Amino acid sequence: MRCCPRLDPEQADFAFAAGAWRYIATGMTEPLSVLVIEDEPLIAMMIEDFIDMLGHNLAGNCDSVAEALVKVEEGGFDVAILDVNLRDGACWPVADALKAKGVGFIVASGGHVDPPPAAHADARQLAKPFTLDGVQQALEAASG
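Put into structure tokens, the structure is as follows:
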């Protein structure tokens, strides 16, 4: 469903007050649970703030391939935002694990990186600097 449902004024006031206006505007019916995989603490905090502002839930965060692989195995999230260069190496083993589990993910990059491996050439991309609208669109695309 991609169109705005019609709400009576009381429902609209409640939805806006509850922070659910993003769901109404985008047609999303439930918040997503998002895992943030980013090794720069300030960038991770900004993404977490965006997730909160968009009405989604933070499933957790991690800053290394090793930690991310554990989180992916544990599951419990709908989508991941995955930085290309993590503390202990490139993100591609994590992308492989996410793809194998059927979990949507977004590859976040500051640019000037090598092209992704062929297995992830079609992965959703989110270029830095991030914007609220950019994160919203990427989450919608990755969860769709």
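Mind the numbering: the sequence shown is residues 104 to 247 in the numbering used here, read in order. Using N, Cα and C, we set each Cβ at its ideal position, and we do this for glycine too. Quantities reported herein were computed from a predicted structural model and do not represent experimental measurements.
- CA-CA distance, Met-156 to Trp-195, rounds to 28 Å.
- Pairing Arg-227 with Ile-146, the inter-Cα distance amounts to about 18 Å.
- Within 10 angstroms of the beta-carbon of Glu-141 lie 16 or more other beta-carbons, which makes it buried.
- Inter-segment contact for the region 232-245 and the region 206-216 is present: three or more beta-carbon pairs are separated by less than 8 Å.
- Rounded to the nearest whole angstrom, the CA to CA distance from Ile-150 to Val-187 is 15 Å.
- Glu-170 is the residue among Leu-242, Asp-217, Glu-170 whose C-alpha sits nearest the C-alpha of Ala-200.
- According to the DSSP assignment, Val-139 belongs to the beta strand (DSSP E) that extends over 136-140.
- If you ignore the 5 residues before and after Val-197, its C-beta comes within less than 7 Å of the C-beta of Ile-140, Val-168, Ala-171, Leu-172, Val-175, Leu-185, all in its own chain and listed in chain order.
- Straight through space, the alpha carbons of Glu-177 and Lys-202 are spaced by roughly 14 Å.
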